[in-house]
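Shown next, in structure tokens, is the structure this report addresses.
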Amino acid sequence: MNPGKMAALALALALAAPNWAWPAENRQAMEREAVAVGLSRKAAEAARRKAHQRALALHQMAARARAAMDDASGAIVEIHNCAVDLVRLNRPQEAMEKINSALEIYEEEKKLQMGRDREKPMQEAMARVTLLRAIILADQGQANEAGQWAGKAMEYCRKADCLFKGRILNLQGRAALLAGDHKQAASAAREALEASGKEGDEVESANAARIMAQAAEAGGEGKKAYAEYKKALVMDRALKMGPKIAMDLMGLARASAMEGNQERARIFAKKALAVAEAADYQAGAEAARAWLEKPAGE
Amino acid sequence: MSFYAHTDRRFKGMELRVGLFAVVSLLGGAALLAYVVNRSDFFSPTSAIYFYVKSGEGIKEGMPVKLSGFSIGSVKKQDLTDMSAVEKAHSAGLKGLAVKVTLDIKTRYMDWIPNDSKAFLRKENVIGDQIIEIIPGASPVIMKAKEHIIFAKEKTLNDYFADITEEVKKVQEQAGETIDYVNDPKGEIKKALDNFHKFTVGLVETREKITHAFVTMDSTLGTVNEQVLDLSLKANKAVEDLNMALATTNTSLPRTFGKIDESLEAINRLVEEMQKLVTVMGRDLPEMAAAGMDVTQDAGAVMDSLKNTWPISRNIKPAQGAPMEMESHEPR
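Those protein sequences? They're chains A and B, same order as listed.
Heads up, the first sequence is in this note's numbering, so the first residue is 645 and it goes up one at a time.
Heads up, the second sequence is in this note's numbering, so the first residue is 189 and it goes up one at a time.
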């Protein structure tokens, strides 16, 4: 057969091939995947607009889409996202229930001895879920439980080689502070600062600096606390995070008072109040107001 | 014997070659046709769902139906319907003549439409085509074919302006009523003021009588008695007038305040409408600003199409939904 005929035959086969090699079922599977991703993206957009209720509904749909494809790690990620929406809607108990359902899925998958290709995304998803559980526990003031779950999150994160170790270490620091162990808190925050730097996570770098400051404050080291709060303030100002700036300014006020400089302390507290009010950070504004109202030296 | 002798070697086997070429071309054409028909979802099964709307204005047959930005079907048909024959639960409060709009949804997407989902008629963006958008509900029960979907019309800017005009009219009417009420010569406010005026006149008269009484004090006791009697009568009258005035004021003032409250409520409603308008404009203006982003998204869609095309798609890893990032400490 001459080259011309071969080319004609090849063209005909190439035109016909998509229908045989790429049947409609495969395309539909890809479309289902696209719907799940689309729902997740829409939910992320809604969350960015702070429309958390809508984000929750869309994340639930996305979780169902992932479950329908037997994509366990994808489903866990979407359930985690639902839990984040619930935390932001101030419904931590429901968030905990979602996290429990994600843990159940993981336990079932583990019993089925999932393949290696499913293992890594699953470990990363679990790192996120367990970290979120630890955050909720820390928010509720349960220091020991928060520390334990942060430890589990770190185990999963190391297995998956995840890129949010700084965040987990910061949470361990927070839990240590809640438990009154300021040395452990400072040590975790130092590690978090290093890890966040490597991961390029500026928000967690600032959080680490603040935890170091809080640890110094808890240890009665006013001067060190002042220096660390200043570092945190510079980072939070660069990130333009109003509530965090208010927290740093309030820390500077307390550290100044520890050093005996009451006038500077009051100026910082007034600035903290103004920033918290402007940023609509009510808890911060109340804390600053209470501090300003109490007599100096208390 | 043929007219021309086939002496050229190139004509050898020509009929066979032409025939083979024709067969290959036909096969290729048939394969291409099959591919195009398969790609276009022509034979995909669809499920019809429907809603009722007062006017079919803006809705056209063939109009796309979208869910989360994906085209999942189209408007199949519109029929005029007598709502008296329609179940109350599905009539959406419509009476008389209405339009039944039937949507053709690709059956494989029905799994994403819970039975409490809502359909909206909206523009894709500020200057874009109109579409029917389905917003999924939260019910665990999935909608089935031939079921009713709730239709909710989005308010347009014109609707908001009409609402505001209506509220402004109400405020004007109520303000007019309040002013008329205050100015009414037979009204309670005017009566109260008249009574108060009478009371002050009575007081002046009383003062004059007292003065007169003191001036004539040296006259006879009888005269004084008469004057005192007169004075007490006048004083009693004055006190009665005062009581009447106070009673009228007590009844009329709360009503006046009630009218003022109504006006304030109307103003509050007006402010709320204004806030809604600002929200709508706030929503639409960023959309205009985001027109440029749409171009980028279109480019993304082209890339997505490429990714879905065999054999390119074989080498592309399936996309994953992004996890939401939560800080170690989010101030709340």
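Idealized CB from N, CA, C, for every residue including glycine.
*asked:* Suppose contacts are defined by Cβ-Cβ distances below 8 Å. Is residue 684(A) in contact with residue 654(A) by that definition?
replied: no
*What whole-angstrom Cβ distance do residue 726(A) and residue 771(A) have, given they're in contact under 8 Å?*
Not quite, the Cβ-Cβ distance comes to about 17 Å (not below 8 Å), so this is no contact.
*Does residue 704(A) have its Cβ less than 8 Å from a Cβ in chain B?*
yes
_According to DSSP, residue 373(B) sits in a beta bridge with which residue or residues?_
Looking at the DSSP assignment, residue 373(B) forms no beta bridge with any residue, so it has no partner.
*Could you name the residues of chain B that residue 900(A) contacts, counting a contact when the two beta carbons are closer than 8 Å?*
Simply none; closest approach about 21 Å.
*With 8 Å as the threshold, decide whether the Cβ of residue 272(B) is near any Cβ in chain A.*
no
*When Cβ atoms are compared, which residues of the segment 887–916 of chain A fall closer than 9 Å to chain B?*
887, 888, 890, 891
*With a threshold of 16 other CB atoms inside 10 Å of the CB of residue 195(B), please say whether the residue is buried or exposed.*
exposed
*For the alpha helix (DSSP H) that residue 786(A) lies in, which residues bound it at each end?*
Element bounds for residue 786(A): n/a, residue is neither H nor E.
_Is the separation between the beta-carbon of residue 883(A) and that of residue 916(A) shorter than 8 Å?_
no
*With a CB to CB cut of under 7 Å and the five nearest residues on each side skipped, what residues in its chain are close to residue 386(B)?*
429
_Just list the residues that DSSP pairs residue 321(B) with in beta bridges._
254(B), 308(B)
_My parser needs the beta strand (DSSP E) runs of 3 or more residues fully inside the segment 684–752 of chain A; what are they?_
none
*asked:* Contact criterion: CB-CB distance below 8 Å. Does residue 258(B) meet it with respect to chain A?
replied: yes
_Cross-chain neighbours of residue 848(A) in chain B, by beta carbon under 8 Å_ = 515, 516
*Report back the beta-carbon spacing between residue 733(A) and residue 700(A) to the nearest angstrom; my notes put them in contact at under 8 Å.*
7 Å
*Is it right to say residue 777(A) is buried, meaning 16 or more other beta carbons lie within 10 angstroms of its own, or is it exposed?*
buried
*If you draw a straight line from the C-alpha of residue 460(B) to the C-alpha of residue 454(B), how long is it?*
10 Å
_Limits of the unbroken alpha helix (DSSP H) element including residue 920(A)_ = 906–922
*Is any beta-carbon of chain A found at less than 8 Å from that of residue 331(B)?*
no
*Check each residue of the segment 811–828 of chain A: if its Cβ is closer than 7 Å to any Cβ of chain B, include it; give the result in chain order.*
811, 814, 815, 818
_Beta-carbon neighbours of residue 696(A), restricted to chain B and to distances below 7 Å_ = Correct list: empty, because the minimum Cβ distance to chain B is about 10 Å.
*Going along the segment 294–311 of chain B in order, which residues come within less than 8 Å of chain A, judged by CB to CB distance?*
296, 297, 299, 300
*Determine the extent of the alpha helix (DSSP H) in which residue 842(A) is found, giving its start and end residues.*
826–843
_Three-state class that DSSP yields for residue 199(B) in the structure shown_ = helix
*Run of the alpha helix (DSSP H) containing residue 286(B), from where it starts to where it stops*: Counting along the chain, residue 286(B) falls outside any alpha helix (DSSP H), though it belongs to the beta strand (DSSP E) covering 285–294.
*Taking only beta-carbon atoms, is residue 197(B) less than 8 Å away from chain A?*
no
*Touching by the beta-carbon criterion (3+ pairs, under 8 Å), the segment 260–277 of chain B and the segment 286–293 of chain B*: yes
*Proximal residues, the segment 762–783 of chain A versus chain B, C-beta separation under 7 Å*: 772, 776, 779
*Would you please state the rounded distance, in angstroms, between the beta carbons of residue 810(A) and residue 840(A)? I believe it to be under 8 Å.*
3 Å
*Answer with yes or no whether the minimum CB distance from residue 684(A) to chain B is below 8 Å.*
yes
*Say whether chain B places a C-beta atom closer than 8 Å to the C-beta of residue 790(A).*
no
*Under 9 Å Cβ-Cβ, which residues of chain B neighbour residue 701(A)?*
323, 324, 325, 326
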